[in-house]
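Sequential numbering of the sequence shown, starting at 0, is according to numbering that gives the first Met the number 0.
Glycine is no exception: its CB is placed at the ideal position from the N, C-alpha and C atoms.
Everything below concerns the one structure shown next.
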Amino acid sequence: MRNDRGASTLELAFIAPLLFILALGIVDMGRALAVGVSVSEAAQEGLIYASYQPAETDAIVDRVIFSTNEPRLEADQVTVTCPSAPADHIAVTVDFELELMTPFVADLLGGNVHLSKTVIGEVFSEDPCIGS
Numbered sequence: 000m001r002n003d004r005g006a007s008t009l010e011l012a013f014i015a016p017l018l019f020i021l022a023l024g025i026v027d028m029g030r031a032l033a034v035g036v037s038v039s040e041a042a043q044e045g046l047i048y049a050s051y052q053p054a055e056t057d058a059i060v061d062r063v064i065f066s067t068n069e070p071r072l073e074a075d076q077v078t079v080t081c082p083s084a085p086a087d088h089i090a091v092t093v094d095f096e097l098e099l100m101t102p103f104v105a106d107l108l109g110g111n112v113h114l115s116k117t118v119i120g121e122v123f124s125e126d127p128c129i130g131s
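Quick look at the structure:
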């Protein structure tokens, strides 16, 4: 009978880096999903405010920023527009670039994941929608 004492250690040395990269990729995709939900909810919260106060675009943007748990969301990533001619609808768009933690996954996907959410709703106020 031969001595196979080092075989399992060698197998682990080959498989461990792959499992580690896979685990980090799963963590990155979980973060992308969580931030995507946060961005979506922030856009919806901004739309709720915009439906009643469509002329206050700065306040709408502030509402979006403060309703998310993503600290890197900035005002220039939030857009408020009036997509219809009579201005009875308003749209809130949030564009966010998520930086990935895993270097290998970031290289495969180009470094960042672009998350974007646009929500459109009716204006319930007498004030016209002016957008930005």
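Continuous alpha helix (DSSP H) assignments of at least 4 residues falling wholly in the region 86–121: Those alpha helix (DSSP H) runs which fall completely within the region 86–121 and span 4+ residues are 102–108.
Whether D75 touches V122 by CB criterion (8 Å): Indexing the sequence shown from 1 puts residue 75 at position 76. Indexing the sequence shown from 1 puts residue 122 at position 123. No, the pair does not count as a contact, with Cβ atoms beyond the cut-off.
Where T80 falls: helix, strand or coil (DSSP): Taking the first residue of the sequence shown as 1, we reach residue 80 at position 81. If DSSP states are grouped into helix, strand and coil, T80 belongs with the strands.
At least 3 beta-carbon pairs within less than 8 Å: the region 52–69 vs the region 91–98: Yes, they touch.
Span separating the alpha-carbon of I25 from that of V79: To locate residue 25, count along the sequence shown from 1; it is residue 26. To locate residue 79, count along the sequence shown from 1; it is residue 80. C-alpha of I25 to C-alpha of V79: approximately 33 Å in a straight line.
Contact under 8 Å by Cβ, R62 with E44: Taking the sequence shown and counting its residues from 1, the one referred to as residue 62 is at position 63. Taking the sequence shown and counting its residues from 1, the one referred to as residue 44 is at position 45. Cβ atoms of R62 and E44: closer than 8 Å.
Where T8 falls: helix, strand or coil (DSSP): Translated into the one-based positions of the sequence shown, residue 8 becomes position 9. Reduced to three states, the DSSP call for T8 is helix.
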